[in-house]
Structure formats: structure tokens, C-alpha cells
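For reference, the structure discussed in these notes is given below.
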Amino acid sequence: MGILRVGLFVIFGLLFSFQVGAQQQNDKEREKAQKEALQLMQEAEEAMGDNNFPEAEAAYRKAIAKDPESSAARYNMGNMYYTRENSPQAAQRFKQAAEVADTKEAKHQANHNLGNAYMKQKKYQEAVDAYKDALRNNPTDDETRYNLALAKKMLEEQQQDENQDGGDNENQDQENKDQENQDQNQDQENKENQDQQDQSGEGDNEGDQDQQEKDQEEKEGDQDEKEQPDGQGDQEEKEKQPQQGQPQPTQGQLSPEQIQSLLEAMNNEERKVQDKINAEKQKGAKVKSEKDW
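Here the sequence shown stands for residues -22 to -1, 1 to 271, where the numbers follow mature numbering (1 follows the signal peptide of the UniProt record, and there is no 0).
This is the structure in C-alpha cells:
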């Protein structure tokens, strides 16, 4: 058992020595990366001094790649974008710096500038949240407190404007809807009036047509009367009408004796006429003579 204990202690000692050696190696590599990142950040600052923005941006990106846990490189790069009026990129870098910062002061500064970047974009709610995070890490910063109060005021005004615009839009939508309904009602009323006028017009046209036909018939009748000789029309009209005071014969009302008496009277009248004609022939006809000078 004792030999076994000694063997275990030896094994644990070897493992501890290996871990210490690996940690030291990692620390050396990290220290080297941090030094290279600092060198690149200095180059970026020099490029910014020369107003060489592309070279400064490239140097900052290399510094972040060398030391991904560096808060300073992201923070400085955010400041560079902020001075170049690129607030969206600045906000992105400040947010990254706050996430990887390992001290309260670094977190405070990153969140404070993050709030400033949001204010430039008029993202007042995001700015309020950023300033609050900054005060959590440094409650004594009066500048951050002032910026927070300003962000809250701007947010309130923005919400009031949105509510007012929303109400105005709703009122406008309602007015447009009411106007549309009114136009539809007016169109329907105009259509009904037009239909009534059309129906009335058809009735008037039919009445006018009938009146025109009647006037035409009366005109033709007057023309016919004008074409006939005077008195002829009256005579024809008299012939068409039965004479007053003279009874009209009706078939089937005379008895056989009455018919026989009527025939005998007619024969007697014919004989008298014939006798008169014969007497005139015997006397001779009178001849009218004219002198021929």
C-alpha cells in the first residue's frame, strides 16, 4: 500500500507540472499577442493622425484579430467610427467592447459611448438602456446621468409624436372611409335618379308616340275631307246613317198577304208609267229650231 501511495503522488506531480507548463506557454503567447495588438493600435492612431482612415481601420482590425479579448481595440475603433459620423458601426464596436471588458471602468466607458452612438441614430430607447448600464458600473458619473435624462426626454417626445401621428392617421383613414361611403351613396342615388328619369322618359316617349299617331290620323282625315267635293262627304255620311222618321224594313216581319198587296201596287204603278210614256210618243216630240241668218 505504501508503494502505491508513492506512485500516485508521483503521477499527480507530473500532471501538475504539465498543466503549469501549458498555462505558462499560453500566457506567453497571449502576452505576445497583446504586445502585437498594442503595436497595431499605435499604428492605427498614427494613421488617424495623418487622416488616413483606410489604413487606421485596417490596423484596428488586425489588432482585434491578434487579441480577440481586447476591449481597448474595439473601443478605440468605435471612437474612430463615431468621429467619422458612422454611428451604426460605432455602436457595434462599443457594444463588443462592453461585452469583453474585464473591468467596471471599461464597461462604463463603452456603454456611455454606446448611448451616445444610439442618440445620434435617434434610437432613444436603446440609448436609455446603454446609459443605465454605464451607471451600473459607475453611478457617480454626472455626465452619464445627464445624458440619461436627456435620452428619456427625447424618448417621451418621440412616443408622443408617434401617438399623435397614429391618431392623425386613424382620423385621416376614417375621413377617407367616410368620404368613400359618401361617394358610393351619391353614386347610388345618381343611378336611381337616372333610372327613374329613363323610365319616365320611356313613358313620355310612348305617350308622345301615341299622340303623334293620333294627330297624324286626324290630319289624314282632314286631308280626305278636303279632297272630296263640297257636300259629297255630307251626302255619303247621310247615306251611311238611317233617315230619321222612316222605319227600316226588317226581314221576316211582313205576312204573305202584305207582300202580295205590295206587288200588285207596284204593278199598277208600272202600268201607269208605261201608259204615260206611250201617250207622249203619239203626240210627237217637240223640236227646237234656230234661225240661220
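Built from N, CA and C at the ideal position, the CB exists for glycine as well.
Three-state class that DSSP yields for residue i in the structure shown
i: threonine 118; result: coil
i: threonine 81; result: coil
i: glutamine 221; result: Because glutamine 221 sits at a pLDDT of 40, beneath the cut-off of 50, its placement in the model cannot be relied upon, and the following sentence gives the value as read from the coordinates. If DSSP states are grouped into helix, strand and coil, glutamine 221 belongs with coil.
i: lysine 131; result: helix
i: serine 48; result: coil
i: aspartate 151; result: helix
i: alanine 28; result: One point to set straight first is that residue 28 is aspartate, not alanine, in the sequence displayed. Here aspartate 28 sits in coil by DSSP.
i: residue 320; result: Because the chain spans -22 through 271 in this model, residue 320 falls outside it and cannot be assessed.
i: lysine 250; result: helix
i: aspartate 99; result: Note that residue 99 corresponds to glutamine in the displayed sequence, not to aspartate. Coil at glutamine 99, not helix or strand.
i: glutamine 238; result: helix
i: glutamine 226; result: At glutamine 226, the pLDDT of 40 sits below 50, so the modelled position is not reliable and the matter cannot be decided from this model.
i: methionine 19; result: helix
i: glycine 209; result: Below a pLDDT of 50, predicted positions are generally treated as unreliable, and glycine 209, at 46, falls in that range; no measurement from the model is reported.
Element boundaries [alpha helix (DSSP H), containing residue i]
i: glutamate 33; result: 31 to 44
i: asparagine 64; result: Where asparagine 64 is concerned, there is no enclosing alpha helix (DSSP H), given that its DSSP letter is neither H nor E.
Proximity test, residue i beta-carbon vs the ligand FAD heavy atom, cut-off 7 Å
i: serine 65; result: This structure lacks the ligand FAD, and indeed carries no ligand of any kind.
Integer Cβ distance of residue i from residue j, believed to fall under 8 Å
i: tyrosine 102; j: leucine 126; result: With a Cβ gap of about 11 Å, tyrosine 102 and leucine 126 do not count as contacting.
i: residue 273; j: alanine 105; result: The requested residue 273 is not part of the displayed model; the chain covers only -22 to 271.
i: alanine 22; j: alanine 37; result: 4 Å
i: glutamine 74; j: arginine 52; result: 5 Å
i: asparagine 91; j: tyrosine 60; result: 7 Å
i: serine 65; j: glutamine 99; result: 5 Å
i: asparagine 54; j: lysine 82; result: The Cβ separation is near 19 Å, so there is no contact.
i: methionine 97; j: alanine 129; result: 6 Å
i: glycine 93; j: alanine 79; result: With 8 Å as the limit, glycine 93 and alanine 79 do not qualify as a contact, their Cβ atoms being about 15 Å apart.
i: glutamate 14; j: alanine 25; result: That belief does not hold up - the Cβ atoms of glutamate 14 and alanine 25 are roughly 17 Å apart, past 8 Å.
Report yes or no: do three or more beta-carbon pairs, one from the segment 2 to 18 and one from the segment 36 to 44, lie closer than 8 Å? yes
contact_flag[the segment 70 to 87, the segment 101 to 117] where n(CB pairs < 8 Å) is 3 or more: yes
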